[in-house]
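Student: Got a structure for you, written out below as structure tokens; questions coming shortly.
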Amino acid sequence: MAVCVAVIGKDNSPKYISCLNPDEELNFQYKVLSSLDVVDEKLSNNAKTGADIRELYLGLLYSMETHKIYGYVTNTKIKLIIVVDSSNTSLRDNEVRSMFRKLHSLYADVVFNPFYIPGDAIMSKSFDRNVKNIMAGN
Numbered sequence: 000m001a002v003c004v005a006v007i008g009k010d011n012s013p014k015y016i017s018c019l020n021p022d023e024e025l026n027f028q029y030k031v032l033s034s035l036d037v038v039d040e041k042l043s044n045n046a047k048t049g050a051d052i053r054e055l056y057l058g059l060l061y062s063m064e065t066h067k068i069y070g071y072v073t074n075t076k077i078k079l080i081i082v083v084d085s086s087n088t089s090l091r092d093n094e095v096r097s098m099f100r101k102l103h104s105l106y107a108d109v110v111f112n113p114f115y116i117p118g119d120a121i122m123s124k125s126f127d128r129n130v131k132n133i134m135a136g137n
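So in numbering that gives the first Met the number 0, spot 61 of the sequence shown is number 60, and the numbers just go up one at a time.
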């Protein structure tokens, strides 16, 4: 389903990035970090129009020939980015929302860990394993 998942901090610094193909990780980091401009634009437009701020799912940020990039922002301004392959035409919006809900739950579990220092990179092996399961569609 997903080819890359990223957790970005409120200061736009990457906290976690995982890709199916490690050889393309630098390329996906560029795509994820460039999508943050679209996230900021959507957040500022929502604030100006008075849109429902409880809606965390930002939807499709942008689409390229090979990939589609989706965004989600938590209440604490942590950004979750999922990159999917454009050739996957069977992927629906509610499935992407479900992936984000699972990812948000996993992130909350990491933050609740008393040994995790907020703002640090996420190094949890169980978080990494569960994210890879989400990427695989499990």
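In this text, a Cβ means the ideal position worked out from N, Cα and C, and glycines have one as well.
(1) SER85 and GLU64: beta carbons closer than 8 Å?
(2) For LEU79, does the three-state DSSP call read helix, strand or coil?
(3) At what residues does the beta strand (DSSP E) containing ILE116 begin and finish?
(4) Suppose you measure from the CA of LYS14 to the CA of VAL110; what does that come to, to the nearest Å?
(5) Counting C-beta neighbours from all protein chains within 10 Å, is the total for ALA1 16 or more, i.e. buried, or is it exposed?
(6) Alpha carbon to alpha carbon, how far is PRO113 from SER12?
(7) The alpha helix (DSSP H) spanning LYS138 covers which residue range?
Tutor: A quick look at the data gives this:
(1) yes
(2) strand
(3) Element bounds for ILE116: n/a, residue is neither H nor E.
(4) 12 Å
(5) buried
(6) For the pair PRO113 and SER12, the Cα-to-Cα distance works out to about 22 Å.
(7) What the structure shows of the chain is the stretch from 0 to 137, and residue 138 is not part of that stretch, so it cannot be assessed.
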